[in-house]
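**Q** Offset between the sequence shown (1-based) and this note's numbering: plus 11. C-beta atoms are modelled at their ideal positions from N, C-alpha and C, and glycine is treated no differently. On a predicted model such as this, the values are computed, not experimentally measured, just so you know.
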Amino acid sequence: MKNIAIIGSGSWGIALATHLSRNGNKIKVWSFDEEEKNLINNEKKCKFLPGLKLPDNIVCSNDFEEVIKDTEFILHVTPSKFTRETFKQYKKYVGTKPVIICSKGFEKESLKTLDEVMQEEMPDVKIGVLSGPSHAEEVSIAVPTVLVIASEHREILELIQDTFMCTEMRIYTSDDVKGVELGGALKNIIAFCAGVAAGIGLGDNTFAALITRGLGELTRLGVELGGRKDTFYGLSGLGDLIVTCLSEHSRNRKAGKLIGQGKTLEETKREVGMVIESIDNIEVAYELCKIHNVDMPIVESVYEVIYGKLDPKTAVNNLMTRAKKSENYQFGDASKIENY
C-alpha cells in the first residue's frame with residue numbers, strides 16, 4: 012500500500028484516485044472547492060462522474076499540506092492554465108517527492124509545456140508525465156486501459172508501473188518526456204477539429220483523413236519542439252488521438268461539434284461546463300507553428316474558424332483545394348518539405 016497525493020478533484024483526478032484505491036492504496040485528493048470536498052468525503056460522490064461510488068480510502072481536503080504530508084508521490088491533475096499558480100502554492104511541501112503530470116496542455120502565456128513550468132518553479136523536482144488514450148468515465152469503472160509514463164528518472168518509471176499496473180491497467184515506459192507531453196497536448200486540437208467535422212455532418216472518410224493528416228501535423232511540430240518521431244505514433248500520440256477524436260466522452264470533440272453546429276465560443280464553453288483544453292491549445296499551437304515555421308494547415312484553419320470567424324465548411328473547402336502535395340516526405344529532409 013502506498014500513500015498518494017492527487018492535486019485536482021476533476022473527473023480525471025477522481026478517476027485516477029478510484030483506480031489507485033482499488034489497487035489498495037490510500038489516496039488524499041486536494042480540491043479548491045469546499046462543496047466538492049464535502050461531496051467527496053460525506054457522500055462519496057464526484058459531480059463530474061455521476062453514478063460513481065468512491066471507495067472509502069479516498070479522502071479530500073482543501074489544504075495542500077494536509078494532502079501532501081506523508082505521501083510517496085504527487086499526481087498533478089489540474090487544468091493546464093492553473094498549473095503554475097497551483098504549483099506555486101504547494102511546491103514548498105514537495106520536498107523530494109516525485110511529481111507526475113497528468114494534465115494535458117500548455118501554459119498559454121509563455122507557450123511552455125507543463126514540465127517546463129514546473130522546472131522553472133522548482134528546478135530540483137523530479138518529474139514524470141502520464142499520458143495515453145484514457146477517458147475518466149472508463150478508467151473510473153475499470154475498463155481496460157493502457158498508458159505511458161515518461162521520465163528521465165528510472166525510479167519514477169518503476170514506481171508508476173508498480174503502483175498502477177493490474178488486470179485493468181497496463182503501463183509502458185518512455186524516456187521521451189517532451190514527446191509524451193506534446194502528444195497529449197496537441198491531440199486535443201485535432202479532436203476539436205473532429206468535433207467540428209461531426210457538427211457539419213461530415214463522414215467516416217473525413218475523420219480518417221483528419222486523424223491521419225492531423226497526426227502528421229502534431230508530429231512535425233512535436234519533433235521541432237524536441238520530441239522523438241516514434242513517440243507520436245505511440246500511446247500518447249496516435250493512441251490518444253484516436254480515442255479523443257472518435258469518442259463522445261471527449262469534451263474537446265464535443266466543443267468542436269457545438270462550434271460546427273453554429274454555437275459561439277461562449278455558448279460552447281457554457282454547454283460543455285468543464286475546462287476545454289483544446290481552446291487554449293489551438294492558440295498556442297498556432298503561435299508555435301509560426302515561430303518554428305512548421306506547416307500546419309489544419310491548425311491554421313481551425314484557428315481561423317474560432318478567432319477569425321471563418322465558416323467551418325469554407326475551412327474544409329480551403330483544405331481540400333490546397334496545392335497538390337506528396338505524402339512521401341522524409342523527416343529531416345528540408346528539400347522535400349514543399350511537397351508534403
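What does the Cβ neighbour count give for residue 322, buried or exposed, with the cut at 16 atoms within 10 Å?
**A** Its Cβ having fewer than 16 others within 10 Å, residue 322 is exposed.
**Q** Under the rule that 16 or more other beta-carbon atoms within 10 Å means buried, what is residue 219, buried or exposed?
**A** When all chains shown are included, residue 219 counts as exposed.
**Q** As a quick exercise: from 64, 159, 137, 17, pick the residue whose alpha carbon is nearest that of residue 36.
**A** Closest option to residue 36, Cα to Cα, is 17.
**Q** Answer yes if the region 302-320 comes into contact with the region 243-251, meaning at least three C-beta pairs across the two stretches below 8 Å, and no otherwise.
**A** Not touching, per the Cβ criterion.
**Q** If the criterion is Cβ atoms closer than 7 Å, does the pair residue 196 and residue 117 meet it?
**A** Yes. Within cutoff.
**Q** For the beta strand (DSSP E) holding residue 289, just list the boundary residues, first then last.
**A** Where residue 289 is concerned, there is no enclosing beta strand (DSSP E), although the alpha helix (DSSP H) it sits in stretches over 288-302.
**Q** Start and end of the alpha helix (DSSP H) containing residue 106?
**A** That residue, residue 106, is in no alpha helix (DSSP H); it is neither H nor E in DSSP.
**Q** Counting C-beta neighbours from all protein chains within 10 Å, is the total for residue 296 16 or more, i.e. buried, or is it exposed?
**A** The residue is buried, with at least 16 neighbouring Cβ atoms inside 10 Å.
**Q** Tell me the rounded alpha-carbon separation between residue 191 and residue 226.
**A** Between residue 191 and residue 226, the C-alpha separation is close to 14 Å.
**Q** With DSSP run on the structure shown, which of helix, strand or coil describes residue 125?
**A** Three-state DSSP puts residue 125 in a helix.
**Q** Given a threshold of 16 other Cβ atoms within 10 Å of its Cβ, counted over all protein chains shown, does residue 346 qualify as buried or as exposed?
**A** Because residue 346 sits at a pLDDT of 48, beneath the cut-off of 50, its placement in the model cannot be relied upon, and the point is left open.
**Q** Beta carbon of residue 156, beta carbon of residue 142: below 7 Å?
**A** No.
**Q** Do residue 185 and residue 60 have their CB atoms nearer than 7 Å?
**A** Taking 7 Å as the Cβ cut-off, residue 185 and residue 60 do not qualify as a contacting pair.
**Q** At which residue ranges does the region 29-72 contain complete beta strand (DSSP E) runs of 3 or more residues, listed in the order of the chain?
**A** Listed in chain order, they are 37-41, 69-72.
**Q** Figure out for me which residue from 159, 97, 82, 120 has the closest Cα to the Cα of residue 129.
**A** Cα-wise, what sits closest to residue 129 is 97.
**Q** Return the Cβ separation of residue 160 and residue 182 in integer angstroms, given the expectation that the two are a contact with Cβ distance under 8 Å.
**A** That pair is a contact at about 6 Å.
**Q** For the alpha helix (DSSP H) holding residue 201, just list the boundary residues, first then last.
**A** 188-210 is the span of the alpha helix (DSSP H), which, as asked, contains residue 201.
**Q** Determine whether the beta carbon atoms of residue 39 and residue 70 lie at a separation below 7 Å.
**A** Yes; because the gap between Cβ atoms is below 7 Å, this pair is in contact.
**Q** Looking at residue 287: is its Cβ nearer than 7 Å to the Cβ of residue 228?
**A** No, they are not a contact pair.
**Q** Which residues does DSSP list as the beta-bridge partners of residue 185?
**A** Residue 185 pairs with 161.
**Q** List the whole-angstrom C-beta distance separating residue 25 from residue 57, where the pair is believed to meet the contact cut-off of C-beta under 8 Å.
**A** About 4 Å; that satisfies the 8 Å criterion.
**Q** Between the C-alpha atoms of residue 103 and residue 136, what's the straight-line distance to the nearest angstrom?
**A** So the two alpha carbons sit approximately 11 Å from each other.
**Q** In the DSSP assignment, what residue or residues form a beta bridge with residue 177?
**A** Answer is 180.
**Q** Mind checking residue 109: buried by the 16 CB within 10 Å criterion, or exposed?
**A** Buried: at least 16 other Cβ atoms inside 10 Å.
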